[in-house]
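A.B. asks: Encoded as structure tokens, here's the structure I'll be asking about.
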Amino acid sequence: MRYASKKGAGIAFRTLTAEQIKEIHSASCRILNEVGVIVHHDEAAELLKKAGAYTDAGGRTYLSDALVEWAIRTAPSRVTIYNRLGAPAMFLEDSNAYFGTGSDTLMYIDPAGGERRPWNREDVAAAVRLVDNLPQLDFVMSMGLLSDVDKRMIYREQYALMLKNSVKPQVIIAEDRSTVDDIFAMAAAVAGGKEKLMHQPLFALYTEPTSPLQLPFESVDKLLAAAEYKIPVNFACGALAGASTPVTVAGTVAQANAEALCGLVIHQLKNPGAPFLYGYGDSPLDMRTMQAIYAVPHALLLQGSLCDLARFYALPSWGYAGCSSSKMCDEQAVIEATMFTLMGALQGCNLMHDVFYIESGYTGSVELLVLTNEVISRVRNMLQGVDTSPEYMAVEAVKRVGPGGNFLGDEHTARHFRETWQPDLSDFNSYDAWAAAGAKSMGQRAREKARQIMATHQPVPVSAEAEQEIERILRDAEKRLCV
Amino acid sequence: MSKYQELANAVIKGDTQQVKQITQQMLDAGEQPLAIINEGLIQGLNEVGIRFKEGEMFVPEMMMAAQAMKGGVELVKPLMAGTDMPTAGTVVIGTVKGDLHDIGKNLVIMMMESSGFNVVDLGVDVPVDKFIQAVKDHKPQVVGMSALLTTTMPVMKEVINALDKENLRSAVKVVIGGAPVSKEYADEIGADGYAGDAVVATEMCKQLLN
């Protein structure tokens, strides 16, 4: 039996059978053949037309299987993203799992006083520094929507804050092409020029269709810019199952896959071989409250399906982890975030975002971020699997210790005990020792750690020249936009 | 069980065929069209509203019920020439200029229609003057605006300013919604209400019109 995701010494996980993967691919092809999409972008429509796609009088464009399969073959199967220091940081291929935050939450919860309020620049800078410091977080997204800058400048200012406050790679949101241009220029200023940045991407771009089956102008425009600049990019349906996609998991996968593949076709037509990230997500519509709900079992099954499809297509995968629908960082948040994080890792999702989201993405919790850092650490240790080589089978050690002995004093224990997982925040003390240290809950310890890092951690700074260039790009944008 | 109760039950079940059948039988038996609507069809939908609030019924069932009721109304309507169809009120709604997102707005429409409102949907990417013209044409009690993008939110204010300029502002209540929109933003631009989701939007319109 072949497994879609195989880790370490043998831990394997899959969601779909090989037959189901092909069934879903066929269903998505049928959607692109028979239902079609609406492309609100002239250049993309022209690219599709030239490639043989058919557009009817009503403006719907239908894609052939040959075109879809051409694009799948043309896109690279692995993508490397570099950090600000120029070192390769994420190898997006096979079942490698990387984690990062989400972007643009509306509300910040101050870990000091617990106050819930809109984000400002200082908050975002501090939160990004926290991500820079947490060892299990691999990339950063903007975390908070800035309430203290002009709306037209939000995504540019967020990028400058990410760049200055962390060396880690970023995944960005931008409202339009000109924002992507400015962000690319800022990244080029620290990466050593545009040519080098095209070869060694420092950030990936998030774009999305408007489901069902609409490709809005700005999204496609950004997708084309990404193809040109070789910025790794997704075209990720954010499904609201039961409203923007069918209510069933298979139906949502079939449609979201069709949308992603359609984005891929346009992207590859623009620049064959440019890096593409395959993925999408689902926050199903709750049929009682009309809320988009995160991290429910359906959403996890959808992610497992897309990871299996990504490997079938030989494309890097994009998904979610560490997020929740809960309104505060409570037991529900930890249950949901932990389940998603563990499952995403087992599924072998390459790039998982939204760690720290609560309230379905309206609010960001740095407390949950610190807690999930610990969860990822446990998960990564576990993914190594079980080594059954003679040294690890330890028959020799059993011989040495013999019946009635104790392994504590044996050299085998001394050699290997450091390989067992070590906690950062989890408490392994006796009751008395724990009580003597203040009888603190894990939540209290997480908040204290967040506050301490946010107040003290100093990221490797960007050079003075790069900082000047970033400033210049921001001020030029303000002039252009008449801010 | 009376025929009216039977009709209401068919609406609650969301069975369009049965609603049509009973409505036709009642019309053939000489029942008054307005009574069929008020005491049969609307009674059914009201009961659905109560059960929804109590958590017994869910939105898809509510929508099936609204569709079933519509099936009955269509049979009765031609016989009601000269009489106004009873509605909970008229709402003009659209996603503002520059924004193509309509899932949230459409949920609001579906919930509103399921609750008896007459909804005029202007669609997406709606320019300011189209809102104004719709208010003149349809004389709604409520104008609803949606935006998912931070960059399109300011259009909501432009619509409110234009309503002011045309002396239409006092004739309507303005309710706004969408992911980046907030109660504070509604206050800032002088809207009458902010609704975070379709359930709240429908409740709010009911209250604003009372």
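The listed protein sequences correspond, in order, to chains A and B. Residue numbers for the first sequence follow our numbering, beginning at 3 and rising by one. Residue numbers for the second sequence follow our numbering, beginning at 18 and rising by one. In this text, a Cβ means the ideal position worked out from N, Cα and C, and glycines have one as well.
1) Put A:S7 into one of helix, strand or coil per three-state DSSP.
2) Spatial neighbours of A:G281 within its chain, please: C-beta separation below 6 Å, excluding the five flanking residues on both sides.
3) What do you get for A:W121, buried or exposed, if any count of 16 or more other CB atoms within 10 angstroms of its CB means buried?
4) Just to confirm before moving on: does the CB-CB distance between A:D96 and A:G350 stay below 9 Å?
5) Measuring alpha carbon to alpha carbon, tell me which residue in A:L287, A:K166 and A:L217 is nearest A:E473.
6) Taking one C-beta from the segment 355-367 of chain A and one from the segment 133-145 of chain A each time, how about it: are there three or more such pairs within less than 8 Å?
7) Among the residues of its own chain, which have a CB less than 7 Å from the CB of A:V485, if the five just before and after it don't count?
8) So, helix, strand or coil for A:Q386, using DSSP?
9) Who are A:F101's beta bridge partners in DSSP?
10) Taking any Cβ of chain A, which residues in the segment 61-77 of chain B have a Cβ under 7 Å from it, in chain order?
11) Whose C-alpha, out of A:G440, A:S28, A:D150 and A:T82, is nearest the C-alpha of A:A276?
12) Mapping the DSSP letters down to three states, classify A:L242 as helix, strand or coil.
13) On the premise that A:F358 lies in contact with A:L370, defined as a C-beta separation below 8 Å, what is that separation, rounded to the nearest angstrom?
14) Among residues of its own chain, excluding the 5 on either side of A:V37, which ones have a beta-carbon nearer than 7 Å to its beta-carbon?
15) For A:A245, go through chain B and note every residue whose CB falls closer than 7 Å to its CB, in chain order.
16) Please check the pair A:M289 and A:A323, which I expect to be a contact at CB under 8 Å, by giving their CB distance rounded to whole angstroms.
17) Kindly indicate which residue of B:A46, B:E48, B:I53 and B:Q41 has the alpha-carbon position closest to the one of B:A25.
18) Quick check: the Cα distance between A:L263 and A:S428, rounded to an integer number of angstroms?
19) Are the segment 170-178 of chain B and the segment 186-206 of chain B touching, with three or more C-beta to C-beta distances below 8 Å?
20) In its own chain, which residues sit with a C-beta less than 6 Å from the C-beta of A:E261, not counting the 5 before and 5 after it?
21) Going by other Cβ atoms of all chains shown within 10 Å of its Cβ, with 16 needed for buried, is A:R449 buried or exposed?
22) How many angstroms separate the CA atom of B:E78 from the CA atom of B:E56?
23) Bridge partners of B:V136, per DSSP?
24) Going along the chain, which residues of its own chain have a beta-carbon closer than 7 Å to the beta-carbon of A:C31, five neighbours each way excluded?
25) Going by DSSP, which residues form a beta bridge with A:N236?
26) Which of the residues in the segment 167-180 of chain A, read from start to end, lie with their CB under 9 Å from any CB of chain B?
27) Only counting the same chain, and skipping five residues up and downstream in sequence, which positions put a Cβ closer than 7 Å to that of B:T219?
28) Check each candidate in B:E175, B:V141, B:G106 and B:V159 and name the one with the smallest Cα separation from B:K120.
29) Taking A:M341 as part of the alpha helix (DSSP H), name the residues at either end of that continuous run.
30) Which one of B:G99, B:Y21 and B:E73 has the shortest CA to CA distance from B:A46?
31) What first and last residue would you give for the beta strand (DSSP E) that runs through A:W320?
32) How would you call B:K190, buried or exposed, if buried means at least 16 neighbouring beta carbons within 10 angstroms?
33) Which complete alpha helix (DSSP H) runs does the segment 124-185 of chain A hold, if anything under 4 residues is left out?
34) Specify the secondary structure class of A:W72 as computed by DSSP and reduced to three states.
35) For B:V192, report the span of its beta strand (DSSP E) as first-last.
36) What is the rounded straight-line gap between the Cα of B:A27 and the Cα of A:V267?
C.D. replies: From the atom records:
1) strand
2) N236, A238, L308, S319, W320 and G321
3) buried
4) yes
5) A:K166
6) yes
7) D152, R154 and M155
8) coil
9) A:M354
10) G72, F75, V76 and P77
11) A:T82
12) coil
13) 5 Å
14) L215
15) I120 and L124
16) The Cβ separation is near 25 Å, so there is no contact.
17) B:I53
18) 42 Å
19) yes
20) P211 and C239
21) buried
22) 21 Å
23) B:V108
24) D67 and V70
25) A:L279
26) E177 and D178
27) M128, M129 and S132
28) Note that residue 120 of chain B is Ile in the sequence shown here, rather than Lys. Of the listed residues, the one whose Cα sits closest to B:I120 is B:V141.
29) E333 to Q349
30) B:Y21
31) S319 to Y322
32) buried
33) 156-167
34) helix
35) K190 to G194
36) 48 Å
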